[in-house]
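Chemist:
In this note's numbering, the protein residues as written are 83 to 267.
(1) From residue 232 to residue 106, what distance separates their C-alpha atoms?
(2) Taking all protein chains shown into account, do 16 or more other C-beta atoms lie within 10 angstroms of the C-beta of residue 143, making it buried, or fewer, making it exposed?
(3) Consult DSSP for residue 202 and reduce its assignment to one of helix, strand or coil.
(4) Are there 16 or more other CB atoms within 10 angstroms of the CB of residue 249, so buried, or fewer, so exposed?
(5) For residue 172 and residue 149, what's the separation of their Cα atoms in angstroms?
(6) Starting from the C-beta of residue 140, find all residues in its chain whose C-beta is less than 6 Å away, skip the five residues before and the five after it, and write them out in chain order.
(7) By Cβ distance, which residues of its chain are closer than 6 Å to residue 91, with the 5 residues on each side in sequence left out?
(8) Along the chain, where does the alpha helix (DSSP H) that runs through residue 230 open and close?
(9) Going by C-alpha distance, which of 99, 89, 152 is nearest residue 132?
(10) If you measure between the beta carbons of residue 254 and residue 207, is that distance less than 7 Å?
(11) Can you list, in chain order, the residues of its chain whose CB lies under 8 Å from that of residue 252, leaving out five sequence neighbours each side?
(12) Quick check: the Cα distance between residue 188 and residue 138, rounded to an integer number of angstroms?
(13) If residue 129 sits next to residue 204, beta carbons under 8 Å apart, how far is it from one beta carbon to the other, in whole angstroms?
(14) Verify the contact flag: residue 110, CB atom, against every heavy atom of the ligand NAD, threshold strictly below 6 Å.
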């Protein structure tokens, strides 16, 4: 529903799992839109490709198998190269994202945020899943749990960044909706 409201031309998804969320996000893409989804677990590739092939929207989705941080860096390097050659990123349509969905390794959320912000258009949106982590982020019993500590750090980082408008929806494991108010570049 959020993707349909935004109607993005370019979506980046971190964490594909079965491909279900990629297909849901793709429902909101513009006619000429594309979605890049990155999955670390190479054992999921055949299953993901089968699932994407079952939908006509699968043709709008590019699956990348590998480390999300490395893949985002490659997208950033490509954008820098295009910019150095005097090409507008928006015109290329491959490096500026309107919507980013973060649902990968929870311990890496802060790094993901730092890496995707320069690749987003001003006014772009980030959806970060699991940011309440089944309520664990407020429970002292999880103070030593690495994923919980990382999600707390992510929530604090987002809250402190004045370039971002943000709200956490307390549904299921929590969904943080973030809008980039001003360009990071």
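Ideal placement from N, C-alpha and C gives every residue a C-beta, glycine not left out. These numbers were taken from a predicted model, which means no experiment stands behind them.
Modeler: Let's see:
(1) In a straight line, the C-alpha of residue 232 is about 27 Å away from that of residue 106.
(2) Residue environment analysis places residue 143 among the buried positions, since at least 16 neighbouring C-beta atoms fall within 10 angstroms of its C-beta.
(3) Residue 202 falls in the strand class under three-state DSSP.
(4) The residue in question, residue 249, is exposed, as its Cβ has fewer than 16 Cβ neighbours within 10 Å.
(5) For residue 172, the predicted structure reports a pLDDT of 43, less than 50, and the residue's modelled location is therefore unreliable. A value from the coordinates is still provided. Their backbone Cα atoms lie some 25 Å apart in a straight line.
(6) Same-chain partners within the cutoff: 134.
(7) So the qualifying residues of the chain are 112, 115, 180.
(8) Following the DSSP letters along the chain, one finds residue 230 inside the alpha helix (DSSP H) bounded by residues 228–242.
(9) Ranking 99, 89, 152 by Cα distance to residue 132 puts 99 first.
(10) For the pair residue 254 and residue 207, the CB atoms are not nearer than the 7 Å cut-off.
(11) Hits under 8 Å: 214.
(12) The C-alpha of residue 188 lies about 31 Å from the C-alpha of residue 138.
(13) In fact, because the Cβ distance is near 37 Å, the residues do not count as touching under 8 Å.
(14) The ligand content of the structure shown is nil, which means the ligand NAD is not present either.
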